[in-house]
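Number of protein chains: 2
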Amino acid sequence: MKNSSAEIEQASTWPPAHNKRQAILNAAADVFAEQGYAGASIDAIAARAGVSRQTIYNQLGDKDNLFKVVVTEITERSTAGFFRVLDTFPVAPKDIEKELTEFSVRLLRKAICDPSGRWLRKLVETEGVRFPQLFETWKEYGPGKKYPAVAARLAQLAHAGYLELDDPALAARQFIALLAMDLRIDQQLGRQTPDEEIEQMAANATRTFLRAFGKR
Amino acid sequence: MKNSSAEIEQASTWPPAHNKRQAILNAAADVFAEQGYAGASIDAIAARAGVSRQTIYNQLGDKDNLFKVVVTEITERSTAGFFRVLDTFPVAPKDIEKELTEFSVRLLRKAICDPSGRWLRKLVETEGVRFPQLFETWKEYGPGKKYPAVAARLAQLAHAGYLELDDPALAARQFIALLAMDLRIDQQLGRQTPDEEIEQMAANATRTFLRAFGKR
DNA sequence: GACGAATTGGACAATTGTGTCCAAAATTAT
DNA sequence: ATAATTTTGGACACAATTGTCCAATTCGTC
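Chains as they are written, first to last, in the working numbering: chain A, 1293 to 1508; chain B, 1293 to 1508.
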């Protein structure tokens, strides 16, 4: 009924059980993020996925394993989306402020439209202590790969004479921090950040970043 | 035994039961933060506080109420500490970079040594959806009072000719974002950030902030 | 030392959740 | 159509948790 993932169950004459599996994983991600590991009951997940409890145990084993699968799955989904956006990073911009702002908008929008990232961060924050190995995996895929990638792009811009950077890695972290800043507060609630605000956030971050590191 | 709050129970010929109450609140804060609301069992809290379960029910009622008391208590403790540090904000610095960095170190250190802030943030993130009224309270005391206070100090510095600001409120958020940036990752784990790194973080943030907004 | 208050520990019912088993039903492929 | 596989829903044992009750004990005070 109120199953938001139901539309995915089209006629898929494909991997036998993969649409139900997907429905389960989506539902599980939601419930885990909302209720925490302990608070998430298998029944709640089953209900939201529109599946019987038994099917979950059949396909994914016990709660621990379900949780691990959810996190790895979402990690992959999230990083894939991130790198797709990163490919649109401006290389030889005519108007650097304009193009960097537009890139920032794309980045923020991806981070919003695809809630995976948010769920994931929340899950890791909440359950990281109890699943240390999971925390490591996330750190490897999250900060471990995303920040260097951004740093490389920034270094490229610096090398092309657009920026003055002595520490690209630091600049990358600061750029992301400035971008995500206002998003966090909104996002922790269910608040759907309106488009104008996203553009405002991107503009603010880019402007300050360029004030600090732009060639003058 | 391994009760880290036990030392507080000195000879206090004072409010009859207030040291035990404190022990309970401290333990509850820890357990709630580690395990989430659902995962935190009263028994676990009682054990960590070194009291019997019954005592918790006697003094603080049921789990819901205990949680509320913990959050309000910690909110007050945290904001108090913050404003005590904010009073050391440089007003007429000789070397602005130096003095602003030192202030940043104090701010970060307070945010670390007093784990209340971290616990609180985590609790709000985890349980904010389930306790909406609580979320509002936190937002009122957290972002609602801290950011404007910082903005006012920055505006003061700008007025005194040290900074070039068009939007103090925005600058305040960005300053805090730059400061807290690297802290979050460390902190979510139990990692005790070493002193040199704190100073490094403060220096990085201040340097970038002044590159963007310092009068040249 | 004796009194009153708080604390303790243990037992208790009620609820909730996990993970398993299984026979009936639905779905899919042959 | 028929056979194979998956899904379903309900029942079940088992464990954990909440919140309450109460007698025995400890604690601080007078």
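Using N, Cα and C, we set each Cβ at its ideal position, and we do this for glycine too.
Based on DSSP bridge pairs, tell me the residues matched to residue i.
i, result
"L1455 (chain B)", "B:G1506"
For the alpha helix (DSSP H) that contains residue i, what are its first and last residues?
i, result
"R1483 (chain B)", "No alpha helix (DSSP H) contains R1483 (chain B), which DSSP labels as neither H nor E."
"S1408 (chain B)", "S1408 to E1419"
"T1347 (chain A)", "R1345 to L1352"
"T1367 (chain A)", "K1355 to L1378"
"S1396 (chain A)", "I1388 to C1405"
"F1423 (chain A)", "No alpha helix (DSSP H) holds F1423 (chain A); DSSP gives it neither H nor E."
"A1384 (chain A)", "Neither: A1384 (chain A) is in no alpha helix (DSSP H) and is coded neither H nor E."
"A1341 (chain A)", "I1334 to A1341"
Just the C-alpha distance for residue i and residue j, rounded to the nearest angstrom, thanks.
i, j, result
"G1331 (chain B)", "R1410 (chain A)", "21 Å"
"E1419 (chain A)", "F1324 (chain A)", "10 Å"
"K1438 (chain B)", "Q1425 (chain B)", "19 Å"
"V1421 (chain B)", "Q1480 (chain A)", "8 Å"
"T1371 (chain A)", "R1398 (chain A)", "15 Å"
"R1401 (chain B)", "I1388 (chain B)", "20 Å"
"L1455 (chain A)", "K1431 (chain A)", "28 Å"
"T1364 (chain A)", "V1377 (chain A)", "20 Å"
"F1381 (chain B)", "D1354 (chain A)", "53 Å"
"D1458 (chain A)", "N1496 (chain B)", "12 Å"
"V1343 (chain A)", "Q1327 (chain A)", "19 Å"
"I1300 (chain A)", "D1379 (chain A)", "Note on I1300 (chain A): pLDDT 31, under 50, position unreliable in the model; the coordinate value appears next. So the alpha carbons of these two residues sit roughly 28 Å apart."
"Y1349 (chain B)", "Y1329 (chain B)", "16 Å"
"T1485 (chain B)", "N1311 (chain A)", "44 Å"
"L1352 (chain A)", "F1374 (chain A)", "27 Å"
"V1383 (chain A)", "P1460 (chain A)", "15 Å"
"R1503 (chain A)", "T1429 (chain B)", "35 Å"
"G1436 (chain A)", "H1451 (chain A)", "23 Å"
"K1360 (chain B)", "I1404 (chain B)", "23 Å"
"P1440 (chain B)", "E1489 (chain A)", "20 Å"
"A1472 (chain B)", "D1356 (chain A)", "32 Å"
"L1449 (chain B)", "V1362 (chain B)", "37 Å"
"V1442 (chain A)", "Q1492 (chain B)", "21 Å"
"T1498 (chain B)", "D1487 (chain B)", "17 Å"
"F1467 (chain A)", "Q1314 (chain B)", "41 Å"
"R1445 (chain A)", "F1427 (chain B)", "38 Å"
"L1462 (chain B)", "T1347 (chain A)", "50 Å"
"R1483 (chain A)", "L1412 (chain B)", "20 Å"
"E1368 (chain A)", "F1423 (chain A)", "18 Å"
"T1305 (chain A)", "F1505 (chain A)", "Confidence at T1305 (chain A) is low in this model, with a pLDDT of 35, below 50, so its placement is unreliable and the value that follows should be read with caution. Whole-angstrom Cα-Cα distance: 53 Å."
"S1396 (chain B)", "G1434 (chain B)", "18 Å"
"A1447 (chain B)", "P1385 (chain B)", "14 Å"
"D1406 (chain B)", "D1406 (chain A)", "35 Å"
My understanding is that residue i touches residue j, with C-beta atoms under 8 Å, so please give their C-beta distance in whole angstroms.
i, j, result
"R1340 (chain B)", "D1322 (chain B)", "6 Å"
"F1334 (chain A)", "I1316 (chain A)", "Checking the sequence, you will find Ile at residue 1334 (chain A) rather than Phe. Wrong, their Cβ atoms sit about 10 Å apart, outside the cutoff."
"I1477 (chain A)", "S1408 (chain A)", "With a Cβ gap of about 19 Å, I1477 (chain A) and S1408 (chain A) do not count as contacting."
"A1464 (chain A)", "T1393 (chain A)", "17 Å between Cβ atoms; not a contact."
"L1470 (chain B)", "F1501 (chain B)", "6 Å"
"L1358 (chain A)", "A1319 (chain A)", "At roughly 10 Å, the Cβ-Cβ gap does not stay under 8 Å, so L1358 (chain A) and A1319 (chain A) are not in contact."
"E1417 (chain B)", "E1417 (chain A)", "7 Å"
"K1507 (chain A)", "G1453 (chain A)", "6 Å"
#### Entry: Complete runs of the alpha helix (DSSP H) confined to the segment 1427 to 1454 of chain B [at least 4 residues]
The segment 1427 to 1454 of chain B is shown to contain whole alpha helix (DSSP H) runs of 4 or more residues at 1435 to 1451, in chain order.
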